[in-house]
Amino acid sequence: MSQSHSPVADAPSVPAADHSAYAGDRTATAAAPAASVTRRQKLFGMLGAVIVLASLAYGGYWYFIGSRYVSTDNAYTAAEIASITPSVSGIVQSVAAVDTQHVRKGDVLVVIDDTDAKLALEQAEAEVGRAERRVRGYLATDAGLAAQVDARAADEARMNAQIASAKADFDRAAIDLKRREALAHSGSVSGEELSNAQTSFASAQAALMAARAAALQAQASRAAAVGSQDANKVLFIDTTVDTNPEVLLARAKRDQARVDLERTVLRAPVDGVVARRQVQVGQRVEPGALLLSVVPVESLHVDANFKEVQLDKVRIGQPVELTSDLYGGKVVYHGKVAGLAGGAGSAFAMIPAQNATGNWIKVVQRLPVRVVIDAADLRAHPLGVGLSMEATVDTRNGGDATPAS
1 MSQSHSPVAD APSVPAADHS AYAGDRTATA AAPAASVTRR QKLFGMLGAV IVLASLAYGG
61 YWYFIGSRYV STDNAYTAAE IASITPSVSG IVQSVAAVDT QHVRKGDVLV VIDDTDAKLA
121 LEQAEAEVGR AERRVRGYLA TDAGLAAQVD ARAADEARMN AQIASAKADF DRAAIDLKRR
181 EALAHSGSVS GEELSNAQTS FASAQAALMA ARAAALQAQA SRAAAVGSQD ANKVLFIDTT
241 VDTNPEVLLA RAKRDQARVD LERTVLRAPV DGVVARRQVQ VGQRVEPGAL LLSVVPVESL
301 HVDANFKEVQ LDKVRIGQPV ELTSDLYGGK VVYHGKVAGL AGGAGSAFAM IPAQNATGNW
361 IKVVQRLPVR VVIDAADLRA HPLGVGLSME ATVDTRNGGD ATPAS
């Protein structure tokens with residue numbers, strides 16, 4: 001007889017304690033995912049809050065501070081460097097300055113041998129004296145020529161009077177001759193009387209012709225004297241010794257020679273530091289040759305190259321803070337916007353950019369902004385030209401009414 005086995009009957013019996021432990025594990029497994037989700041939500045919430053707060057903080061910073069300033073580190077110190085060049089040629093006698101030396105306005109830098117300049121000045125002064133004497137001679141000659149003109153005029157008047165007298169004698173002799181000739185036909189006048197009348201007529205006629213010739217000579221002499229006087233007057237007409245062109249020209253040459261002598265000594269035109277000395281004692285220099293330069297370190301400015309998109313609010317007179325790579329951020333210079341350049345640097349390049357091409361790529365341009373540095377800051381912390389700077393413009397300050405551009 002076969003036996004049937006029940007599955008329940010065959011299953012092993014489980015103790016009650018094991019059933020309780022199994023139920024606890026299932027409860028813990030279900031609670032763990034819920035706790036993890038809660039922590040994740042808290043983290044995301046905190047992260048979101050941080051992002052929101054950071055965004056608000058950045059927005060507030062940008063609105064109140066960030067949008068107020070425009071900055072660039074593409075900025076460099078510059079100055080109106082004074083070039084020392086001679087105006088006269090000559091041999092360098094002495095050089096009183098070396099590179100890096102501080103000089104004051106008026107200090108002697110270079111001395112050129114002045115021997116030739118002194119000789120030229122002496123010659124010019126002698127020429128002035130000679131010109132003045134010539135003009136005085138013209139004036140004296142004019143007085144003498146005027147006297148000659150008067151004398152020739154008197155001679156001409158005297159000759160005219162002689163002509164009148166000779167003409168009267170001639171007329172009387174002619175009348176007497178005609179009367180005696182008429183009487184001679186009737187025998188009332190002797191031949192001797194007629195001959196005497198003819199002789200008197202001939203003498204009177206000759207005297208009249210001589211008087212007329214003398215008058216013509218006197219007239220010619222007076223004309224010659226007047227011509228000489230006029231020719232002499234051309235040299236000084238409407239002038240005096242001090243206003244005569246010949247004298248003025250000589251004096252101008254003398255003044256030029258005096259200036260050339262003064263220019264043999266080259267002085268510093270500004271306060272500053274000597275740089276680029278290229279001259280040596282004994283060297284022959286020509287006008288216009290660069291001998292050395294003087295950098296006015298106490299009147300430097302900064303050329304800050306801002307992007308064009310940064311300049312919409314920049315105005316002349318706005319305050320600027322600057323720092324240099326030389327001193328770092330611990331030294332802050334103060335200045336003001338003095339103006340903007342007339343164009344971007346590319347516009348003044350030797351080979352301008354050709355933008356009318358098919359492969360054109362837009363490039364943001366930079367415009368130089370000139371910033372004047374406070375002199376007190378420069379005295380406290382000196383700078384040189386060409387040093388790197390960082391410039392920050394406060395655009396909330398109105399500056400002048402007109403844009404810097």
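Residue numbers are given in UniProt numbering: position 112 of the sequence shown equals residue 112, and the series is strictly consecutive.
The C-beta atom is built at its ideal place from N, Cα and C for all residues, glycine as well.
Here the structure is a predicted model, which is why all the values come from computation and not from measurement.
Asked: By Cβ distance below 6 Å, which residues in the same chain neighbour Ser-71 in space, the five residues on each side in sequence not counted?; Found: Thr-392
Asked: If you measure between the beta carbons of Arg-254 and Val-98, is that distance less than 8 Å?; Found: no
Asked: Which residues does DSSP pair with Asp-303 in a beta bridge?; Found: Tyr-76, Arg-370
Asked: Whose CA, out of Val-273, Glu-246, Val-88, Leu-266, lies closest to the CA of Thr-100?; Found: Val-273
Asked: On the three-state DSSP scale, how would you describe Arg-315?; Found: strand
Asked: Taking DSSP as the reference, what is the three-state secondary structure of Gly-272?; Found: strand
Asked: Determine the closest residue to Gly-372 out of Leu-340, Ala-356, Gly-345, with distance taken between C-alpha atoms.; Found: The identity of residue 372 in the sequence shown is Val, whereas the question assumes Gly. Measuring from the Cα of Val-372, the nearest candidate turns out to be Leu-340.
Asked: Just reading off the beta strand (DSSP E) that Asp-394 is part of, what are its end residues?; Found: 388-394
Asked: Starting from Gln-256, trace the beta strand (DSSP E) both ways and give me its first and last residue.; Found: No beta strand (DSSP E) holds Gln-256; the alpha helix (DSSP H) holding it covers 245-262.
Asked: Please classify Val-259 as buried or exposed, where buried requires at least 16 other C-beta atoms within 10 Å of its C-beta.; Found: exposed
Asked: What did DSSP end up calling Gly-59 once you bin it into helix, strand or coil?; Found: helix
Asked: Is Ile-163 helix, strand or coil when you go by DSSP?; Found: helix
Asked: Where Arg-263 and Ser-299 are concerned, what is the direct C-alpha to C-alpha distance, given to the nearest angstrom?; Found: 26 Å
Asked: Nearest to Arg-136 by CA position, among Asp-271, Tyr-327, Asp-242, is which residue?; Found: Asp-242
Asked: Please identify the residue among Lys-307, Gly-45, Gln-318 whose C-alpha is closest to the C-alpha of Gly-343.; Found: Lys-307
Asked: Helix, strand or coil for Lys-105? Go by DSSP, reduced to three states.; Found: coil
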